[in-house]
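Those protein sequence lines, which keep their order, are chains A and B. Residues in the first sequence are numbered from 123 upward in steps of one, following this note's numbering. Residues in the second sequence are numbered from 123 upward in steps of one, following this note's numbering. Think of the CB as a built atom: it goes at the ideal place given N, C-alpha and C, for glycine as much as any other residue.
Number of protein chains: 2
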Amino acid sequence: MSPQRPTADLHATAAEIAALLEHHRALEALARGQDRTQRGVAVQLQQRQNAADVQRVLRGMHPADVAFVLESFEQDDRLQVWNALEPSQAAEALIEFEPTVRARLVRETGRHRLVRIASALDPDDLAWVSDDLPEDVMAEVRESLGEIDRTLLQQADAYPPQSVGRLMSLDVATVRESQSIGDVLQDLHTRAYLPEHSDRLFVVDTRNLLRGSLSLQSLVLAGPQRTVAEIMEGNPLALRPEDTAAHAARAFERYDLVSMPVVNDRGKLIGRVTVDAVVDFIRVTADKDALAMAGLSGAEDIFSSVWDSARNRSPWLLVNLITAFVATRFIGVFETTIQGFVSLATLMPIVASIGGNTGNQTVALVFRGLAFEQFTPDSRRHLLRKELIVSLLNGILWGSLAGITAGLFYRRAALGIVMMAAIILNLTIAAAVGVLVPLTLHRMGRDPAQGSSVLLTFATDSMGFFLFLCLAWLYL
Amino acid sequence: MSPQRPTADLHATAAEIAALLEHHRALEALARGQDRTQRGVAVQLQQRQNAADVQRVLRGMHPADVAFVLESFEQDDRLQVWNALEPSQAAEALIEFEPTVRARLVRETGRHRLVRIASALDPDDLAWVSDDLPEDVMAEVRESLGEIDRTLLQQADAYPPQSVGRLMSLDVATVRESQSIGDVLQDLHTRAYLPEHSDRLFVVDTRNLLRGSLSLQSLVLAGPQRTVAEIMEGNPLALRPEDTAAHAARAFERYDLVSMPVVNDRGKLIGRVTVDAVVDFIRVTADKDALAMAGLSGAEDIFSSVWDSARNRSPWLLVNLITAFVATRFIGVFETTIQGFVSLATLMPIVASIGGNTGNQTVALVFRGLAFEQFTPDSRRHLLRKELIVSLLNGILWGSLAGITAGLFYRRAALGIVMMAAIILNLTIAAAVGVLVPLTLHRMGRDPAQGSSVLLTFATDSMGFFLFLCLAWLYL
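See below:
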């Protein structure tokens, strides 16, 4: 009866299921070996038995853990376990999957089963995944919903994806200012229900205008004879349904919130956002950004099929190939210079490479500033000036070192000086491009994670080759 | 009286303070203009007035917002505002700063003021920042603490940095199984205190062994005559003080928790970790990783001084310079081949560049898998095999395209074939290195964010140059 430790045995659970699947395949093969008349029934019985085995292992597990275990399987095994889940457990896990995994499982699940799973979801969870479900499945699920749930779902669907309207839950517990704490507690005992992740009740007036919020903490601390108005927080922080999910995420992070009310433009309480939805959003977004910077779309994970992966990476490689061909045209122009002094070919990649590296350091810093919303016109100018000076200093330091090394190696002082000059200039360009490209993409409303590093590498490669060879052509 | 919206006007607050500082400088200059005898007093009075102005703007703001506003200033202005803060408000903000900003402010703050600020911190907050404070300041603060707080601080300091022991708060509210809900509520009214972010009370027996947890939510829903034992959750998830903060963060994310008990190895309740500490930890870690991948240490932000920045980036640039010199030695070997056919110099960077790009895509995928703990021996093998096949396919596709383009451009079919072969081979190497390097670093207990991309680029550059030139030397 010692306290549980989290996640300790999820890999063990996955291994147990993997062993079961192995065993099941053997049994199914045996069943298939029966003579023709019995085969159909034997296989079916065996499959039913197998599904029950898997269900037994996963029964009662937290949906996030079920999702984790399934995500640790390769596609085929994952699908087999997924199909063994009861529709209600499958529904709970569906919300917890990474979007990639969810999309793939949905694609591979039969229409009939999908309708049963989707029907087991709450309207607000359904709104959150509705874009991932096929239109005909959603239509059938909508049919089967009660009047009220259907209206709720329609309302949520009306908000743009990634908005607070999609993230919010409509299930809120409210109280009135005039109630005494004793009454509130009595009401709660009678109702015997609070929505999940309720850390506070919302105080509204007769027209449902949000007046304040009453944390459970102050509720249990206050004496029963006091009134809600006395102990509530007035002017609570609130979101609008049209706010972006990113905006909500920042508020939750900054103020360490568990739930936040959502009000319409007349200040009426229409819903509530909870920290679990926000944490999932933050994780998925951070994840997408990291992949986007390497030129991958979020739709790929380590278990993606070869075909999906190859297709996912192709656009980026094509862009890379084109920019590389264009950048090396700067070399093509100077082929006669290289012919005259072939060591230039050996040294030029160094100039390009150190430029790319400094530029990427600058880009990483700008990304961080953007994530923390640190930029003002002042700080932008300040950063640009500082990055230029830093790269000038680094250029002089490392450019001299590289120049002296190259000059000594090839016993030619002029070569060293050309190399030093090219490095200094290229680092300066790298700093300017590294600051301006992500800031400009961000201002244009584009995602700076996509494109910044391609454009940067393109600039530092072309300029690295061009500056070095052009200076060599002039002075050697 | 409409509900507040979060963060709407923080930039406005920053602007207001910036204007104040401007105004203050003018006033101080005026004061300095007074004749010699009055000057000292006039300047001092003016400075006191200026500090009061700044305090007025920031009074009552959430510490996270104070930290945000300060972080949006350049170093000099930031220091001026920081010095104007009351020690108690400065203490609250100190916890919320990014570690970089905190370290720099601490360095620039006088010893006397630092002691006053640190003394205003709770013992568990003090434990969290103690590594950032100078030893003599900590010694003086320890002196001034009461017996109990000093013991608490000593205990926390005994745990390794980044452990649950450092993250946890010792302030926990406990109840007994045998108590009735009515009694619990009565006790809470009498005590009139619960630690911050209390979403649950912890149930312990007479020896302080953790028996369960009682959420405030079930507390307010249950009737007063029921007992704690009836409605508590048995076997609650619990952490150990020696668990890593990362382990705690995963548990909070996965189970959407607000607080978690910490028990020692005999199961006794010794503290509590809350979601706010965990969210800060996640943000700081994600941030550090992103910078580390670009070769920056976490100790830099967009306002770092030129000198700090240049020093911070130098090691990485030196490594880059060395690997670039070594990689280009593979070109040096083939200088006579290039002399014979100078277009090789133009084309070779393309082979290296596309290799680096594919490799980085693979690295990003492996990082994601590591972050989500998706790797098992099976999935490692699976991923390696898949990446090799994907890069073979992409190599054939884009290698042919590049080869045909180059062959046509230089009207030499053999050149196109050499280029194609070199790209296919280099992409295969990139995939293998991209999978194996981060996994190996991770297994060795090193941070894969540092070093993976240097090693990868080194491999794809050297091999890109070597394969292309060697094949050209053999077949052209």
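Margin query: Helix, strand or coil, according to DSSP, for A:V464 in the structure here?
Written below: coil
Check: By the 10 Å Cβ neighbour count, where 16 or more other Cβ atoms means buried, how is A:V163 classified, buried or exposed?
Finding: exposed
Checklist line | Presumed contact (8 Å Cβ cut-off) between B:S291 and B:P317, rounded CB distance | finding: 7 Å
Item checked: Closest by C-alpha distance to B:G454, when choosing among B:G287, B:D244 and B:S584 -> B:S584
Note to self: Is there a C-beta anywhere in chain A that falls below 7 Å from the one on B:E457?
What the structure shows: yes
Note to self: If I measure Cβ to Cβ from A:T239 and keep anything under 7 Å in the same chain, skipping five residues before and after, which residues do I get?
What the structure shows: The question names Thr, but residue 239 of chain A in the sequence shown is Ile. So the list reads P209, A212, A213 and L216, once near-sequence residues are dropped.
Next item on the list: Kindly give me the distance between the Cβ atoms of A:G389 and A:L332, rounded to whole angstroms, as I take these residues to be in contact under 8 Å.
Entry: 6 Å
Next item on the list: Check the Cβ of A:G345 against every Cβ in chain B and list those closer than 8 Å, keeping chain order.
Entry: H311
Note to self: Quick check on the DSSP output: the beta strand (DSSP E) that includes A:P383 runs from which residue to which?
What the structure shows: S381 to V385
Checklist line | According to DSSP, residues forming a beta bridge with A:K390 | finding: A:L331
Notebook entry, point to check: Cα separation between B:V397 and B:V380?
Noted result: 5 Å
Check: How about A:G521: is its C-beta nearer than 7 Å to some C-beta of chain B?
Finding: no
Item checked: Helix, strand or coil at A:E352 [DSSP, three-state] -> helix
Checklist line | A:E375 versus B:N330 - alpha carbon distance | finding: 33 Å
Next item on the list: Can you have a look at B:W429 and say buried or exposed, based on whether 16 or more other CB atoms are within 10 angstroms of its CB?
Entry: exposed
Margin query: Measuring only the C-alpha atoms, how far is A:T312 from B:L341?
Written below: 13 Å
Item checked: Where A:Q339 falls, given that 16 or more other Cβ within 10 Å makes a residue buried -> buried
Next item on the list: Ignore the nearest five residues each way along the sequence and tell me which others in B:S513's own chain have a CB closer than 6 Å to its CB.
Entry: T480, L549, T550 and A553
Checklist line | In chain order, each beta strand (DSSP E) run of at least 3 residues that lies wholly inside the region 417-492 of chain A | finding: none
Check: Does the distance from the C-beta atom of A:S335 to that of A:E352 stay below 7 Å?
Finding: no
Next item on the list: Would you check if there are 3 or more beta carbon pairs closer than 8 Å linking the region 189-196 of chain B to the region 230-250 of chain B?
Entry: no
Notebook entry, point to check: So which residues of chain A does B:W438 contact, with C-beta pairs closer than 8 Å?
Noted result: N479 and Q483
Check: Per DSSP, A:S285 forms a beta bridge with which residues?
Finding: A:T366
Notebook entry, point to check: Does DSSP put B:V555 in a helix, a strand or coil?
Noted result: helix
Check: Rounded to a whole number of angstroms, what is the C-alpha to C-alpha distance between A:R226 and B:I518?
Finding: 27 Å
Next item on the list: Express the C-alpha separation of A:I303 and A:L323 in angstroms, rounding to a whole number.
Entry: 12 Å
Item checked: Integer-rounded CB distance, given that B:V237 should sit under 8 Å from B:V263 -> 6 Å
Next item on the list: Give the residues from the region 518-548 of chain A that approach chain B closer than 8 Å (Cβ to any Cβ), ordered along the chain.
Entry: L519, W520, L523, A524 and T527
Check: In chain A, what lies closer than 7 Å to B:Q339 by C-beta?
Finding: L316, S320 and L338
Checklist line | Backbone CA spacing between B:T498 and B:T484 [nearest angstrom] | finding: 17 Å
Margin query: Does chain B have any CB closer than 7 Å to the CB of A:P363?
Written below: no
Check: Of all the residues that make up the region 172-205 of chain A, which are near chain B by a beta-carbon distance shorter than 8 Å?
Finding: H184, A186, D187, F190, E193, S194 and E196
Next item on the list: Starting from A:V294, follow the beta strand (DSSP E) in both directions and report where the run begins and ends.
Entry: First-last for A:V294: undefined, no H or E at that position.
Notebook entry, point to check: For the beta strand (DSSP E) that B:F324 lies in, which residues bound it at each end?
Noted result: R322 to V326
Check: If you follow the alpha helix (DSSP H) that B:D258 is part of, which residue opens it and which one closes it?
Finding: E257 to S266
Checklist line | Touch test, the region 566-573 of chain B against the region 456-471 of chain B, Cβ-Cβ under 8 Å, three pairs minimum | finding: no
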